[in-house]
Amino acid sequence: IMAVPDHEPYGYGRWQLQSILAVVPLSGSLMDELVGKTRDTSTSDYITKLIQGNSPKWSDGSSIVADLYLDGGVIFVVLGMFTVGALIRAAENTLLVGSNSCFWWFCSVVIYSNSIYLPRSTLLNPLRLIVMSYFLYSLLKFGVINSGREQKTHQHMS
31 IMAVPDHEPY GYGRWQLQSI LAVVPLSGSL MDELVGKTRD TSTSDYITKL IQGNSPKWSD
91 GSSIVADLYL DGGVIFVVLG MFTVGALIRA AENTLLVGSN SCFWWFCSVV IYSNSIYLPR
151 STLLNPLRLI VMSYFLYSLL KFGVINSGRE QKTHQHMS
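Numbering (this note's numbering), first residue to last: 31 to 188.
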């Protein structure tokens with residue numbers, strides 16, 4: 031990390047954007063087409079290259095702070111950690127005060143279930159789980175609600 035920005039450039043949000051796009055299937059391929067395919071597909075890959083060179087024997091991993099710093103320096107770290115704190119506070123309010131929002135319940139469950147691993151992870155890693163879980167929940171809810179309506183409609187028509 032000491033090599034950035036003196037010897038190596040910041041990612042300028044590239045890895046955060048990749049994490050956000052990873053929620054959508056096949057979007058990684060689209061990003062490769064738009065900005066060109068690079069060997070460093072994550073901050074973990076970038077850190078490994080900085081430490082071990084071009085022929086690594088293992089991955090050195092990443093962390094939330096390293097992930098943010100490599101993408102945009104101290105400003106990204108401050109803004110990102112503020113966002114993490116705000117999300118944890120929102121999750122805490124959801125559990126303590128109560129909320130009718132299923133989305134915040136999903137966020138709370140994912141944040142707390144990943145709380146031990148989160149410091150060693152990248153910032154947006156849990157985002158994929160939150161979005162996909164909520165999407166699946168919404169599909170199931172929509173299907174159950176509509177199938178219930180169809181049954182009631184058929185009963186009234188008979």
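By construction, the Cβ of each residue, glycine as well, lies at the ideal position given by its N, Cα and C atoms.
For W88, the secondary structure class from DSSP, reduced to helix, strand or coil, is coil.
Counting only the Cα atoms, R44 lies some 12 Å from Y99. Between L153 and the set W88, A52, C132, T78, the nearest pair of CA atoms involves A52.
Contact between the region 129-148 and the region 156-174 is established, with three or more Cβ pairs separated by less than 8 Å. Around the beta carbon of F165, a 10 Å sphere encloses fewer than 16 other beta carbons of the protein chains shown; the residue is thus reported as exposed. Under a 10 Å Cβ-count criterion, L148 is classified as buried, with 16 or more other Cβ atoms of the shown protein chains found around its own Cβ. In the structure shown, E38 falls within a coil segment according to DSSP collapsed to helix, strand and coil.
Between G110 and Y40, the C-beta spacing is not below 9 Å. If you ignore the 5 residues before and after A33, its C-beta comes within less than 8 Å of the C-beta of L80, all in its own chain and listed in chain order.
Leaving aside the five residues that flank D90 on each side, the residues in its chain whose CB is nearer than 8 Å to its CB run, in chain order, S74, I77, T78, I81, Q82.
Taken through DSSP and simplified to helix, strand or coil, I94 comes out as helix.
Taking 9 Å as the cut-off, the beta carbon of S59 is found no closer than this to the beta carbon of S151.
Taking C-beta atoms under 8 Å as the contact rule, C132 and Y167 qualify, at a distance of about 6 Å. Assignment of N123 by DSSP, reduced to helix, strand and coil, places it in the helix class.
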